[in-house]
Amino acid sequence: MKNRYFKLFLMLVLAGCFVGCSDDDDDVIPEWLPVGTEPVFKGGIEVDVENTVFKREFEEGDMIGIFAVERDDHNRVAYPKAEGNYVNNARWVMRNGKWVPARERDSIHFAGKPLDIYAYYPYDVENVDPTRMEVVVPQEHRLDLLTARGVFSEDDSVELTFRHKFALLRARVLPNGIGAMPSDLMTARVYFVGKEGYLNLSVADPRNEMVFDYPEKCYTEVPQAEIPEGATYREFDVFVPVQTLVKGNRLFQFTQCGGVVNHVLEENLVMKGVMDMEILLQADIDTEHVYQVGDVYPSTGFPAGIVIKVTDGGKHGTIAALSGFSRTWGTKEITGATNEEDGRENHKAVEAYDPEWESHFPAFAACRELGEGWYLGAKQEYITLFNFYKENKTDVNALFRSWGMGSPSFGGLSSTENTANPKNYVWNISLPGSSVSISQVTKSATAKISPLCRF
């Protein structure tokens, strides 16, 4: 009897040993480094062999920022948080071909658990939150914004392969049709680049580290540039995040008053040196039509405005929006908006005077909301508008009725400050009867506006 109990006990013991020894290999904890060991960062910059534009290798004195996060589970990647990381924005510098801590407090030591390493270049002392790092790299160096990831655990050697976050596109914009391109054909807007974008090192996929909360607001303007006479295309270089170069993304938008062209990528693009793109503008923007005062603009598509002035034989001119609105001019301050001929110059003055002009100068902001190129007209421009309307009132009214809009209600609150009292008053133009009236109104008064645009 005792032998039977002994055999049963032995079988249970052996079974327990079998079960205990059959755990997955993943649960076996490897031998970690001695506590206090410092990492040795190795690797470099991943670039195409044909690339001559981007930074290809690190040089003496280059500095990177390091965030390190300690793992709770040795098999599970730990991602950085806004605060409380094991290492937060340590500065390491390249000296004699090796990465070393810039100061004693930037040192990193193994504490008994694996560390996930998140690195970026160039170092910025302001980057204290790895989940929201503002992209403040100067424009000419944006191509050299790089990030890398690695693990510090079983070996003191940590492989960091830095990858570029921006790509360079050289865009050649061609008008629809044959002929020279006017120098002021368009303004160009490039999306996914601007102050609304930031870097988030805590995302699982490093290819998606650039984040855009509001893509519609995240853009940069390509300045208008003089194009040599007879040129058949306009060329400019733009820097865009690599991760946005995917099929279906709207990357460019070109506008000329009422004409708008959105350029959507038709295929994925892979960063490889300088990428050349040819963008053919469709019929939304007509570069060949010759306009006359009173014409609808543009000549094709939905009308955006009516031509009130032409130059260069009708190839260029000024249009007034078909509909207006009422707004106050803005804050009672001297902004320097005293130009009487060109409201665009007054807009520049207001924008330079107050970085938050969109909140403090409602009339200017409302015009810009119509799209790039629209502005609050200057004193003389509204005199031109109302003289045009006075002389062509019957035809203009008939044109508006044909669109089902009723008679036009033009407004003449101008962008021009009254130099006699620029702090409080601006010029206002109207047509109360058969004569154009020029008066001054306070900046706090609500008045009618007719946005203008040049083509």
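Those letters in the sequence shown? Residues -22 to -1, 1 to 433, by mature numbering (1 follows the signal peptide of the UniProt record, and there is no 0). By construction, the Cβ of each residue, glycine as well, lies at the ideal position given by its N, Cα and C atoms. All values reported here derive from a predicted model rather than from experimental measurement.
Beta-carbon contacts of residue i that lie in its chain and below 7 Å, excluding the five residues immediately before and after
i: residue 64; result: 46, 47, 48, 93
i: residue 378; result: 384, 385, 386
i: residue 314; result: 327, 331
i: residue 218; result: 144, 145, 147, 168, 170, 171, 229
i: residue 435; result: There is no way to answer for residue 435, as the model of the chain reaches only from -22 to 433.
i: residue 221; result: 185, 186, 188
i: residue 420; result: 402, 403
8 Å Cβ cutoff met for residue i and residue j
i: residue 348; j: residue 388; result: no
i: residue 397; j: residue 316; result: yes
i: residue 189; j: residue 197; result: no
i: residue 125; j: residue 79; result: no
i: residue 41; j: residue 73; result: no
i: residue 365; j: residue 390; result: no
i: residue 17; j: residue 136; result: yes
i: residue 286; j: residue 274; result: no
i: residue 22; j: residue 98; result: no
i: residue 150; j: residue 213; result: yes
i: residue 113; j: residue 67; result: no
Simplified DSSP state of residue i, which is helix, strand or coil
i: residue 343; result: helix
i: residue 123; result: coil
i: residue 418; result: strand
i: residue 361; result: helix
i: residue 104; result: coil
i: residue 81; result: coil
i: residue 192; result: coil
i: residue 406; result: strand
i: residue 290; result: helix
i: residue 309; result: coil
i: residue 231; result: strand
i: residue 57; result: coil
i: residue 113; result: coil
i: residue 142; result: strand
i: residue 247; result: coil
i: residue 69; result: strand
i: residue 424; result: strand
i: residue 327; result: helix
i: residue 394; result: strand
i: residue 179; result: coil
i: residue 91; result: coil
i: residue 219; result: strand
i: residue 300; result: coil
i: residue 374; result: helix
i: residue 380; result: helix
i: residue 270; result: coil
i: residue 283; result: strand
Exposure of residue i, with buried meaning 16 or more beta-carbon neighbours within 10 Å
i: residue 357; result: buried
i: residue 14; result: exposed
i: residue 333; result: exposed
i: residue 324; result: buried
i: residue 60; result: exposed
i: residue 399; result: exposed
i: residue 376; result: exposed
i: residue 54; result: exposed
i: residue 86; result: buried
i: residue 270; result: exposed
i: residue 186; result: exposed
i: residue 401; result: exposed
i: residue 312; result: exposed
i: residue 122; result: buried
i: residue 241; result: buried
i: residue 133; result: exposed
i: residue 12; result: exposed
i: residue 166; result: buried
i: residue 341; result: buried
i: residue 289; result: exposed
i: residue 195; result: exposed
Cβ neighbours of residue i in the same chain (closer than 6 Å, five flanking residues each side left out)
i: residue 227; result: 243
i: residue 343; result: 336
i: residue 131; result: 92
i: residue 24; result: 139, 141
i: residue 180; result: 57, 58, 109
i: residue 432; result: 296
i: residue 345; result: 352, 353, 354, 429
Contacting residues, own chain, Cβ-Cβ under 8 Å from residue i (five flanking each side not counted)
i: residue 422; result: 306, 307, 310
i: residue 321; result: 353, 354, 355, 356, 359, 392, 393, 394, 430
i: residue 424; result: 304, 305, 306
i: residue 412; result: 368
i: residue 111; result: 98, 102, 105, 176, 177, 178, 179
i: residue 1; result: Only weak support exists for where residue 1 lies, its pLDDT of 44 falling under 50; the value from the coordinates is given anyway. Excluding positions up to five away in sequence, the list is empty.
Whole-number beta carbon distance between residue j and residue i, since they are thought to touch under 8 Å
i: residue 415; j: residue 409; result: 7 Å
i: residue 428; j: residue 282; result: At roughly 13 Å, the Cβ-Cβ gap does not stay under 8 Å, so residue 428 and residue 282 are not in contact.
i: residue 426; j: residue 272; result: About 21 Å separates the two Cβ atoms, so there is no contact after all.
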